[in-house]
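A.B. asks:
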Amino acid sequence: MGREHDPVRGRWYENLEDGDVFLVLSVDEDAELVEIQYEDGDIEEIDYETWKEMDLELTDEPEGWAGSEADDAEDDEEEWEEEDEEEDDEDDDDWDDDEDDDDGRYGDRDDY
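As numbered in my numbering, residues 941 to 1052 make up the sequence shown, in order.
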């Protein structure tokens, strides 16, 4: 029987039986599944029973880890949201500039 380590999203583990190092991507308690990603990028789902049988040790993120596909997708989404916010701010600035334009319709009230 393996060492007792509950699967925790975002934690790194080493399987002492085969030397594999992996990251827990998600834990689905209802389906009793753990999604993991190995150093080489391969993703696998394992059930709780298999997890409990593994001889695991907590470990650090491996050197040179480029990140998971899930992290990359989240980063891309955050970048798009930031770009959209910047564009909205620019549009607001343009609107403010339009109000300041003197095209004769918005002159001082004293001119009438």
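Beta carbons are placed, not taken as given, at the ideal position from N, Cα and C, and that holds for glycine.
Nothing here was measured: the structure is a model prediction, and the numbers come from that model.
#1: Report the three-state DSSP secondary structure of residue 989 (helix, strand or coil).
#2: Considering only the beta carbon of each residue, do residue 996 and residue 977 sit closer than 8 Å?
#3: Under 8 Å between the Cβ atoms of residue 949 and residue 961?
#4: Beta carbon of residue 1005, beta carbon of residue 947: below 8 Å?
#5: Under three-state DSSP, which class holds residue 995?
#6: Is the beta carbon of residue 958 sitting closer than 8 Å to the one on residue 972?
#7: Does DSSP put residue 1005 in a helix, in a strand, or in coil?
#8: Under DSSP, the beta strand (DSSP E) around residue 968 begins and ends at which residues?
#9: Under 6 Å Cβ to Cβ from residue 985, same chain only, skipping five residues before and after it: list those, please.
#10: Should residue 998 go down as buried or exposed, given a rule of 16 or more other Cβ atoms within 10 Å for buried?
#11: Roughly how many angstroms separate the alpha carbons of residue 944 and residue 981, rounded to a whole number?
C.D. replies: Based on what the coordinates show:
#1: Taking the first residue of the sequence shown as 1, we reach residue 989 at position 49. When DSSP states are grouped into helix, strand and coil, residue 989 belongs to the helix group.
#2: For the purposes of this step, residue 996 is taken as residue 56 along the sequence shown, with counting starting at 1. For the purposes of this step, residue 977 is taken as residue 37 along the sequence shown, with counting starting at 1. Not in contact: residue 996 and residue 977 (Cβ atoms no closer than 8 Å).
#3: In the sequence shown, counting from the first residue as 1, residue 949 sits at position 9. In the sequence shown, counting from the first residue as 1, residue 961 sits at position 21. Their beta carbons are not under 8 Å apart, which means residue 949 does not touch residue 961 by this criterion.
#4: Residue numbering aside, residue 1005 sits at position 65 when the sequence shown is read from its first letter. Residue numbering aside, residue 947 sits at position 7 when the sequence shown is read from its first letter. Between residue 1005 and residue 947, the gap from beta carbon to beta carbon reaches 8 Å or more.
#5: The residue given as residue 995 occupies position 55 in the sequence shown. When DSSP states are grouped into helix, strand and coil, residue 995 belongs to the coil group.
#6: Stepping through the sequence shown from its first residue, residue 958 is reached at position 18. Stepping through the sequence shown from its first residue, residue 972 is reached at position 32. Contact flag unset, no.
#7: The residue given as residue 1005 occupies position 65 in the sequence shown. If DSSP states are grouped into helix, strand and coil, residue 1005 belongs with coil.
#8: Your numbering for residue 968 matches position 28 in the sequence shown. Going by DSSP, residue 968 is part of the beta strand (DSSP E) stretching over 961-968.
#9: Within the sequence shown, the letter at position 45 stands for residue 985. Apart from sequence neighbours up to five positions away, the residues of its chain that approach residue 985 with a beta-carbon distance below 6 Å are 973, 975, ordered along the chain.
#10: Against the sequence shown, residue 998 aligns to sequence position 58. So residue 998 ends up on the exposed side.
#11: As a first step, residue 944 must be located in the sequence shown, where it is residue number 4. As a first step, residue 981 must be located in the sequence shown, where it is residue number 41. Their backbone Cα atoms lie some 25 Å apart in a straight line.
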